[in-house]
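Peer 1:
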Amino acid sequence: MKLVKTVKEVREIVKEWKKQGLSVGFVPTMGYLHEGHKSLILKSVSENDKTVVSVFVNPIQFGPNEDLASYPRDIKHDMALVEDAGADLIFNPEPEEMYGSHFTTLVNTTEVSENLCGAKRPVHFGGVCTVLTKLFNIVNPNRAYFGQKDAQQLAVVKRFVKDLNFDIEIIGCPIIREDDGLAKSSRNTYLNKEERKAALILSKSLKLGLEAIKNGERNVKTVTDIITKSLNTEPLARIDYVSIVDNENIQYIDTIKGEILCAIAVYIGKTRLIDNFIYKCEE
Ligand code: PAF
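Going from the sequence shown to this note's numbering is simple: count from 1 and add 1469.
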């Protein structure tokens, strides 16, 4: 397993692989890797001849009052995990290598990025689409792997890849949870002991919403009220949003039909956590 810091070197290595007819899987990350990332890497390793993992805390997807400076970083730990999962290369550029001193291009979607996290974090998805456009052009993968935990990000990536004709298959992978139900996230590390316990209210509340839908409830407001009421029983929780949208265009709906995404963002203390479920109505 090799750690590479420059665009030039990644390009040369991937070009050589492609010359040999090898397929390349790609797992873009911001590092501080956990079992969720590992599941993406393992899937890529099982489906491709070579796997590249990028570790880059992308400054342009953070808003002015967000956690760019404090975002956890540990490249030694990341290298060990990536090696263990069987990937071939980590691309770990410095911000200067990615953006230089005069970067003025922005790739963005409309519609799919306007609600949920897009409404709360106005610069976020433009930053994600821009860095992924660069990373896709640098790594030139056949397939790229994303976690379903960032469900809106997955929908946004699928859209811009389709709209801009990238020849890359985008593969969504299930949420990986702790034994007690908390969705794995690099940001869980911000939680103190009391907050960690309080954070369980996210998965518990979603479960109540899912049960209601499985029992036949089709009114969006009724389901979001059930989830909201449950979240409000936790004194350390402050709701950012509780929403149900269609899972393709991420637009608000009144009635549950087709494939829906039920997504929540909740502050536990100062830490903003997200979680979700997808449900496909058969009727
Ligand atoms: O999901 C993430 O960690 C980031 O948004 C991504 C896709 C690596 C882009 O910086």
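Cβ atoms here follow ideal geometry from the backbone N, Cα and C, with glycine treated the same way. Here the structure is a predicted model, which means the values were calculated and not measured.
(1) Grab me the residues of Lys1627's own chain with a C-beta within less than 6 Å of its C-beta, minus the 5 sequence neighbours each way, in chain order.
(2) Less than 8 Å between the C-beta atoms of Trp1486 and Val1479, yes or no?
(3) Buried or exposed for Asp1636, going by 16 or more other Cβ atoms inside 10 Å?
(4) Less than 8 Å between the C-beta atoms of Asn1517 and Asn1611, yes or no?
(5) Within the present structure, is the beta-carbon of Thr1498 separated from the nearest heavy atom of ligand 1 by less than 7 Å?
(6) Would the beta-carbon of Thr1658 fall within 8 Å of that of Pro1541?
(7) Whose CA, out of Gly1490, Asp1557, Val1735 and Asp1547, lies closest to the CA of Val1711?
(8) Beta carbon of Val1476: closer than 7 Å to some heavy atom of ligand 1?
(9) Using a Cβ-Cβ cutoff of less than 8 Å, which residues in the same chain neighbour Asn1688 once the five nearest sequence positions on both sides are dropped?
(10) Looking at Thr1693: is its Cβ nearer than 8 Å to the Cβ of Glu1566?
(11) Hey, out of Leu1705, Val1521 and Gln1622, whose CA is closest to Ile1607's CA?
(12) Could you tell me the boundaries of the alpha helix (DSSP H) in which Tyr1568 lies?
(13) So does the segment 1587-1596 actually touch the segment 1550-1562, counting three or more Cβ pairs closer than 8 Å?
(14) Would you give the residue range spanned by the alpha helix (DSSP H) that Leu1550 belongs to?
(15) By DSSP, does Ala1588 sit in helix, in strand, or in coil?
(16) Would you list the residues sitting across from Asp1694 in a DSSP beta bridge?
(17) Assuming Cys1586 and Ile1743 are in contact, meaning their beta carbons sit under 8 Å apart, how far apart are those beta carbons, in whole angstroms?
(18) Under the rule that 16 or more other beta-carbon atoms within 10 Å means buried, what is Phe1495, buried or exposed?
(19) I need the boundaries of the alpha helix (DSSP H) containing Asp1744, first residue and last residue.
Peer 2: So, to answer that:
(1) Locating residue 1627 in the sequence shown gives position 158, where the first residue counts as 1. So the qualifying residues of the chain are Ile1639.
(2) As a working mapping, residue 1486 is identified with position 17 in the sequence shown. As a working mapping, residue 1479 is identified with position 10 in the sequence shown. For the 8 Å CB-CB criterion, Trp1486 and Val1479 do not form a contact.
(3) By one-based count along the sequence shown, residue 1636 stands at place 167. Flag for Asp1636 reads exposed.
(4) What you label residue 1517 is simply residue 48 of the sequence shown in a count that begins at 1. What you label residue 1611 is simply residue 142 of the sequence shown in a count that begins at 1. Yes.
(5) As a position in the sequence shown, residue 1498 is number 29, starting the count at 1. Yes, ligand 1 has a heavy atom inside 7 Å of this Cβ.
(6) For this step, residue 1658 is matched to residue 189 along the sequence shown. For this step, residue 1541 is matched to residue 72 along the sequence shown. For the pair Thr1658 and Pro1541, the CB atoms are nearer than the 8 Å cut-off.
(7) Residue numbering aside, residue 1711 sits at position 242 when the sequence shown is read from its first letter. If we check each option's Cα against that of Val1711, Val1735 comes out closest.
(8) As a working note, residue 1476 is residue 7 in the sequence shown. Taking 7 Å as the cut-off, the C-beta of Val1476 does not count as close to any heavy atom of ligand 1.
(9) Residue 1688 sits at position 219 when you count from the first residue of the sequence shown. Excluding sequence neighbours, Asn1688 sits near Asp1723, Thr1724 and Ile1725.
(10) The residue given as residue 1693 occupies position 224 in the sequence shown. The residue given as residue 1566 occupies position 97 in the sequence shown. No, they are not a contact pair.
(11) Position 138 of the sequence shown, counting from 1, holds the residue named residue 1607. When each option's Cα is compared against that of Ile1607, the closest is Val1521.
(12) Taking the sequence shown and counting its residues from 1, one reaches residue 1568 at position 99. Looking at the DSSP string, the run of the alpha helix (DSSP H) that includes Tyr1568 is Pro1564 to Tyr1568.
(13) no
(14) In the sequence shown, counting from the first residue as 1, residue 1550 sits at position 81. Start and end: Ile1544 to Ala1554.
(15) Numbered from its first residue, the sequence shown carries residue 1588 at position 119. Helix at Ala1588.
(16) Taking the sequence shown and counting its residues from 1, the one referred to as residue 1694 is at position 225. DSSP lists no partner for Asp1694.
(17) For the purposes of this step, residue 1586 is identified with residue 117 of the sequence shown, where counting begins at 1. For the purposes of this step, residue 1743 is identified with residue 274 of the sequence shown, where counting begins at 1. About 7 Å separates the two Cβ atoms, so the contact holds.
(18) Start at 1 with the first residue of the sequence shown, and residue 1495 comes out as number 26. Buried: at least 16 other Cβ atoms inside 10 Å.
(19) The residue you call residue 1744 lines up with position 275 of the sequence shown. Secondary structure note for Asp1744: it is in no alpha helix (DSSP H), and the uninterrupted beta strand (DSSP E) holding it is Thr1740 to Lys1749.
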